[in-house]
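Protein chains in written order, with the numbering used here: chain A, 982 to 1399; chain B, 132 to 219.
Cβ coordinates follow ideal geometry from the N, Cα and C atoms, glycine included.
All remarks here apply to the structure that follows.
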């Protein structure tokens, strides 16, 4: 594989950029693989990469219905953080933070990881208490957390609404300084390029139409490009999980819902952190191009539409303007939507299933992007070793029936409530 | 914007309604022994189909009645609406 560096860039510039190798091939599927990963999103690509890199399993295919990176890895607001209170989520995400910090070097692809810090704003004394509890839990798990008072927040984001007599005054906030953002497409492309170079077949425009299961064991899949045998199969399809589960006669603790995001026209640098509104659901950062990147609530009812509805967007942006009044002056550049696999406790599932050789990775709700490396790493371990790693042992499929829920937000099963 | 025909009030915009989830989920019968599996099915497991979905909505800013809506989760087409006690 061609190494990307400033020298290869200069060399190719002199040749008019005509000699760059393709980043990944376009193979026809073989009849058999050791492992087939269904879903060529961030998590699927990362899983294939870590299967090859950490476990030396390279007879691997990724089957993608559309094109790689066309789903949620290309539709998110690129936020990376590990500011969770529960041990399972905190330790898992912090493991991911280490992978993020080394990702550009590891993949030889600039993913533009920018640890700019995230601030969750608090708008009452009670919320400050909750944040100090969460911050303490984070620090016990080795995650950086700083509780900021009103004046400390004002120093960092003076353009927020600090005027008197507002409905939701800023009391302070909880900051994770090591959190940040990354270039989401680059994450997909970087993993794809490395996985391809180690022998993984990335098969795009290939839809899975059925599964071959016999005596409780998975034997292969049926696809629009023919049948493929596989010893092990990993499902990594986010919002489409229920569609494939139905083909396997499985009913899962997952509902598919729609989340929108949007960007404004590009403006000069004003915001160098990620900031979330604490009296609703709104988050905002500024991209390197200058666009304000914004998101918030789910549309609020089951949806596979991959496009959103205006009432929700209006509601979310009203919160945004309450937080940053200057946003009201900006024009909207783009809005879009992605479909989320909302689990019944808000936490993901990375586990084996009752079918031998079939593994499940789903339930990321609206927090899948930041989990990409840790999800791929632990899912690869679960598939290769046929048992969960310590880091994802809490993300079991049977935790719902046994009562070991990881309900970070305390929302219960109503995933559409924000 | 969805337009939902409330069986009590007529066609209204989505803003007046709040969502209540899958209407086909049935609570296990009262005063009978319920298996763990039965509770699991009722509380956590959802089919979440792509296509026709029978769901509960509440006309919260209108007549406040719960209603059933049959809607396509891919196209958002609404096929029919029913009173909460009517069977689809």
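query, result
"Under 7 Å (Cβ pairs) to chain B, residues found in the stretch 1261-1295 of chain A", "1281, 1282, 1283, 1284, 1285, 1286, 1290, 1291 and 1292"
"Cα-Cα separation, residue 1007 of chain A to residue 1385 of chain A", "43 Å"
"Minimum Cβ-Cβ distance from residue 1192 of chain A to chain B less than 8 Å", "no"
"For residue 951 of chain A, the nearest candidate out of A:1064, A:1086 and A:1096 (CA to CA)", "Residue coverage of chain A in this structure runs from 982 to 1399, which leaves residue 951 of chain A outside it and unanswerable."
"Collapsed DSSP secondary structure at residue 1340 of chain A in the structure displayed", "strand"
"Reduced DSSP secondary structure (H/G/I, E/B, other) of residue 1283 of chain A", "strand"
"Any 3 or more C-beta pairs closer than 8 Å across the stretch 1110-1118 of chain A and the stretch 1154-1163 of chain A", "yes"
"8 Å contact criterion, which residue 199 of chain B and residue 185 of chain B should meet: CB distance rounded", "6 Å"
"Within chain A, the residues that residue 205 of chain B reaches when beta carbons sit closer than 7 Å", "1285 and 1286"
"At least 3 beta-carbon pairs within less than 8 Å: the stretch 1160-1180 of chain A vs the stretch 1131-1151 of chain A", "no"
"Any C-beta of chain B under 8 Å from that of residue 1329 of chain A", "no"
"Nearest residue (CA-CA) to residue 1022 of chain A, options A:1050, A:1324 and A:1016", "A:1050"
"Given residue 985 of chain A as reference, the closest of A:1068, A:1089, A:1341 and A:1199 once Cα atoms are compared", "A:1089"
"Alpha-carbon to alpha-carbon, residue 197 of chain B and residue 1371 of chain A", "44 Å"
"Backbone CA spacing between residue 1364 of chain A and residue 1340 of chain A [nearest angstrom]", "7 Å"
"Residue 191 of chain B, DSSP secondary structure in three states", "coil"
"Residue 158 of chain B - DSSP class collapsed to helix/strand/coil", "coil"
"9 Å Cβ cut-off: residues of chain A touching residue 208 of chain B", "None at all; the shortest Cβ gap to chain A is about 11 Å."
"Contact list for residue 158 of chain B against chain A, beta-carbon separation under 7 Å", "By Cβ distance, chain A contributes nothing, its closest Cβ being about 13 Å from residue 158 of chain B, past 7 Å."
"At least 3 beta-carbon pairs within less than 8 Å: the stretch 1239-1255 of chain A vs the stretch 1306-1326 of chain A", "yes"
"Test: residue 1400 of chain A CB closer than 8 Å to a CB of chain B", "Chain A is shown only over 982 to 1399; residue 1400 of chain A falls outside these bounds and no answer can be derived."
"For residue 1016 of chain A, the residue or residues it bridges with in DSSP", "A:1041 and A:1213"
"Nearest-angstrom beta carbon gap, residue 1239 of chain A and residue 1225 of chain A [assumed within contact, 8 Å]", "Between residue 1239 of chain A and residue 1225 of chain A the Cβ distance is about 19 Å, and since that is not below 8 Å, they are no contact."
"Segment contact flag, the stretch 1173-1192 of chain A with the stretch 1060-1079 of chain A, C-beta cutoff 8 Å, min 3 pairs", "no"
"Opposing strand residues paired with residue 177 of chain B [DSSP bridges]", "A:1233"
"Contact set for residue 210 of chain B: own chain, Cβ-Cβ below 8 Å, skip 5 residues either direction", "183, 201, 202 and 203"
"Members of the stretch 167-180 of chain B that neighbour chain A once the beta carbon cut-off is set at 9 Å", "167, 168, 170, 171, 172, 174, 175, 176, 177, 178, 179 and 180"
"Residue 997 of chain A (DSSP reduced to helix, strand or coil)", "coil"
"Ranges of the alpha helix (DSSP H) found wholly within the stretch 1075-1107 of chain A, counting only runs of at least 4", "1084-1088"
"Contacts around residue 1045 of chain A, its chain only, beta-carbon distance under 6 Å, and the 5 residues preceding and following it disregarded", "1021 and 1185"
"Segment limits, beta strand (DSSP E) that includes residue 1257 of chain A", "1255-1258"
"Residue 1223 of chain A - containing alpha helix (DSSP H), residue span", "1222-1228"
"Chain-ordered neighbours of residue 145 of chain B on chain A, where CB pairs are closer than 8 Å", "1290 and 1292"
"Same chain, Cβ closer than 7 Å to residue 1026 of chain A, five either side skipped, listed in chain order", "1043, 1049, 1169, 1172, 1173 and 1176"
"Chain-ordered chain A contacts of residue 184 of chain B [CB-CB under 7 Å]", "1283"
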